[in-house]
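Here's the structure, in structure tokens; my notes come after.
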Amino acid sequence: MRALSVCASCVVLVAVVCGCGDLSREELGRGVESLSAIAAQGELIANGVARDATKSTYTRTMSKTLGGEAEHEAEKLADAEPEGGVAPERHAAVLVAEEIAELYSQLQVFPGDERHGAVVQKHMEEAKEQADAIAERLSGKR
Amino acid sequence: MKAILKIALGIIAGLGGFLDIGDIVFNTQAGALFRYDLLWAVALGTLGIAVYAEMCGRVAAVTQRPVFDVIRMRLGFGPGLVALIASTLVNVLTVAAELGGLAIVLTLLFDAAFSLFVVLAAAGIVIAAALLPFGGIERLFGYGGLMMVVFVAVIFHQDPDWSAVGNGFIPSFSGSTLYFYFVVGVFAAALMPYEVHFYSSGAIEERWTTKNLKENRLNAIVGYALGGILACALVVVSGYLFHPLGVEPGDLGTTALPAQGAFGETGLLLALGGILFCVGGAAIDSSFAASYNLAQFLGWEWGRYRGPEKAPRFTASWLLFLFLAMVIVLTGINPVEITEYSVVFAVVALPMTYLPILMIAGDHSFMGEHVNGRISSLLGWLYFALIVVLAIVAVPLLLATNGGGG
């Protein structure tokens, strides 16, 4: 019985240690790319709101889903221990993720407001550009 | 004139009813990730389902035997039972994916909780199946699914680089594991086994005889070919809009974005309506396919035309499969993920479904003068060889790409 509990503890310890590995440049890059994609979708959704060319329920539900994804990405990046040299990029990525989540929550609150839609569209575009810039720095293109 | 009209209506119903959640998810993601590069795989899958659906319809009309009857007869009880278990698992997963898809679209159209819509979607399917005759179900969902034609109109609105679109129909191999995963996904989504299970059982429900063979051929070839155009349209509009932005559509709602961009709210509503009817029709087809298979394999009385009184075990099993699917979706697993798994696991079950059909369709003692011709036989065996290869590589590709996540 004692041996069994020692084994179980070891398994849990290994799992915990493995799960808390450093956030590598590649992993961070993938996270930032997915943020860019979420912002791009936000830009398209907000464009529909700005043109009064969409349905409020659609905007609200999509914003809830995608905003949740951005928030999840922010939490995931903030929780991870960054590998040496990528800490500033990790910090910038968390800020962009929070910005995107905030923009989606604005769309959720004002799904039929054209003026708000135009502002959110512009900010989503900027957030996407920021995410793309981080991704380029991480890949060494910039 | 009446016969021509009937055939035309059948083709139109086939066109609208071709797409299901697997086609919608895989084709949209394929376009977003690889632009137009996978159009050839869509075309290949569409030709494959047309070849086998025509064979199944012909076998059913000539021998009055649906697919699972043929499977048990040709494979015997043991291997037949393995095929039944595999097909049932895949079919229940497919029903779950379709039900989840229905609920997602309903949450995009109306403001209420996802779980409520899962239950309402299941109830709606039971009501539709109880109230409508077999042909009525096909027509309702087939014609409703025609709203997906909006994606063809979106292509012309986007006016893509047509030579790049054309080049997409020439097979190319990028060498990445993810690319091959999507080749398998796009191909398998077109050849889901429930489609032929339902098609052949439907032929018997509608009391087809050899007089219906022309109708069968036109439905299978023209209907599926036109359905394939809708599938290609999803790849093209997604490739045009999402690929340059790096968007990876992980939600059914994203699929409708190109239609909103092109035609505003009307486009959005047509796209969501089209998805709703396609996925709803597929939910009915796949749930019936699961109970058709079980009843045919075990020799129970089966068929919608018999009614619950004359086919009680068939009706009970259909309700049970629908209930199981509803429970799977209510556990909270993402329906898009269920779709990806159901499509990939379906590939593994495909050879067990298609081999017996191919064998009996080529057997002169059963089919008489309606036996497979040279072209049907050649295409059938070529596709079977392809299906076997894909069945071997499907699960390793699923694991290597982390379920398409790269």
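Going down the list, the sequences are from chains R and F.
Per my numbering, the first sequence starts with residue -9, numbered consecutively.
Per my numbering, the second sequence starts with residue 44, numbered consecutively.
Think of the CB as a built atom: it goes at the ideal place given N, C-alpha and C, for glycine as much as any other residue.
A quick note: this is a predicted structure, and the numbers were derived from the prediction, not measured.
Whole-angstrom C-beta distance between residue j and residue i, which should lie under 8 Å
i: R/R80; j: R/L67; result: 6 Å
i: R/S26; j: R/D122; result: 5 Å
i: F/Q339; j: F/F111; result: 4 Å
i: R/L97; j: R/A117; result: Contact doesn't hold; Cβ gap of about 13 Å is too wide.
i: F/A434; j: F/V390; result: 5 Å
i: F/V195; j: F/L273; result: 7 Å
i: F/A232; j: F/G65; result: 4 Å
i: R/A83; j: R/V22; result: 5 Å
i: F/L261; j: F/G74; result: So it is not a contact: roughly 29 Å between Cβ atoms.
i: F/F364; j: F/V68; result: Incorrect: roughly 21 Å between the Cβ atoms, too far for contact.
i: F/L76; j: F/E291; result: 7 Å
i: F/P214; j: F/W83; result: 5 Å
i: F/P378; j: F/I147; result: 6 Å
i: F/Y267; j: F/F61; result: 6 Å
i: F/V265; j: F/V85; result: The Cβ separation is near 17 Å, so there is no contact.
i: F/A443; j: F/V227; result: Not confirmed; about 11 Å, so no contact.
i: F/G144; j: F/L295; result: 6 Å
i: R/L128; j: R/R15; result: 6 Å
i: F/L421; j: F/P236; result: F/L421 to F/P236, Cβ: 22 Å. No contact.
i: R/A30; j: F/G289; result: 6 Å
i: F/L337; j: F/L127; result: 7 Å
i: R/E73; j: R/D12; result: 4 Å
i: F/R78; j: F/H240; result: About 34 Å separates the two Cβ atoms, so there is no contact after all.
Those residues which DSSP pairs with residue i across a bridge
i: R/P72; result: R/L13
Residue i to residue j span [Cα, whole Å]
i: F/N445; j: F/Y384; result: 11 Å
i: R/V(-4); j: R/G19; result: Confidence is the limiting factor: at R/V(-4) the pLDDT is only 48, short of 50, which leaves the residue's position unreliable, though a coordinate-based value still follows. Going by the C-alpha atoms only, they are around 38 Å apart.
i: F/A173; j: F/L163; result: 15 Å
i: F/V169; j: F/E141; result: 14 Å
i: F/Y242; j: F/M191; result: 21 Å
i: F/V414; j: F/A404; result: 6 Å
i: F/G316; j: F/I247; result: 30 Å
i: R/D42; j: R/G102; result: 7 Å
i: F/F331; j: F/G218; result: 39 Å
i: F/I318; j: F/V280; result: 15 Å
i: F/V208; j: F/Y283; result: 10 Å
i: R/I35; j: F/F160; result: 23 Å
i: R/A87; j: R/A60; result: 5 Å
i: F/E104; j: R/T44; result: In the sequence on display, residue 104 of chain F carries Ala and not Glu. Taking the straight line from one Cα to the other gives about 47 Å.
i: F/F153; j: F/L312; result: 12 Å
i: F/L132; j: F/P399; result: 19 Å
i: F/G293; j: F/G119; result: 41 Å
i: F/G447; j: F/K353; result: 45 Å
i: R/S(-1); j: F/A156; result: In this prediction, R/S(-1) scores a pLDDT of 49, lower than 50, which makes its location untrustworthy; the coordinate-derived value is nonetheless stated afterwards. Roughly 40 Å between the two C-alpha positions.
i: R/K112; j: R/I90; result: 12 Å
i: F/F184; j: F/A171; result: 10 Å
i: F/F335; j: R/A125; result: Position check: residue 335 of chain F holds Tyr in this sequence, whereas Phe was assumed. Cα-Cα distance, rounded: 52 Å.
i: F/M116; j: F/G123; result: 8 Å
i: F/D328; j: R/E115; result: 42 Å
i: F/R108; j: F/Q72; result: 37 Å
i: F/I381; j: F/Y222; result: 20 Å
i: F/L256; j: F/G375; result: 44 Å
i: R/V4; j: F/C275; result: Below a pLDDT of 50, predicted positions are generally treated as unreliable, and R/V4, at 47, falls in that range; the measurement from the model is reported next regardless. R/V4 and F/C275: Cα-Cα distance of roughly 47 Å.
i: R/H77; j: R/E71; result: Reading the sequence as shown, one finds Ala at residue 77 of chain R and not His. Whole-angstrom Cα-Cα distance: 8 Å.
i: F/T358; j: F/A129; result: 21 Å
* **Contact the region 89 to 97 of chain F vs the region 366 to 378 of chain F: 3+ CB pairs below 8 Å** => no
* Asked: Okay, do the region 318 to 336 of chain F and the region 57 to 66 of chain R touch, 3+ Cβ pairs below 8 Å being the bar?
  -> no
* **Residues of the region 187 to 204 of chain F whose Cβ lies closer than 7 Å to any Cβ of chain R, in chain order** => none
* Are three or more beta carbon pairs between the region 419 to 434 of chain F and the region 95 to 107 of chain F nearer than 8 Å? -> yes
* **Interface residues of the region 284 to 304 of chain F facing chain R [CB-CB below 7 Å]** => L288, G289, V290, E291, D294, G296, T297, L300, Q303 and G304
* Asked: Which of the residues in the region 216 to 244 of chain F, read from start to end, lie with their CB under 7 Å from any CB of chain R?
  -> none
* **Against chain R: residues of the region 146 to 161 of chain F by CB proximity under 7 Å** => T150, L151, L152, F153 and D154
* Going along the region 267 to 282 of chain F in order, which residues come within less than 9 Å of chain R, judged by CB to CB distance? -> none
* Of all the residues that make up the region 91 to 121 of chain F, which are near chain R by a beta-carbon distance shorter than 8 Å? -> none
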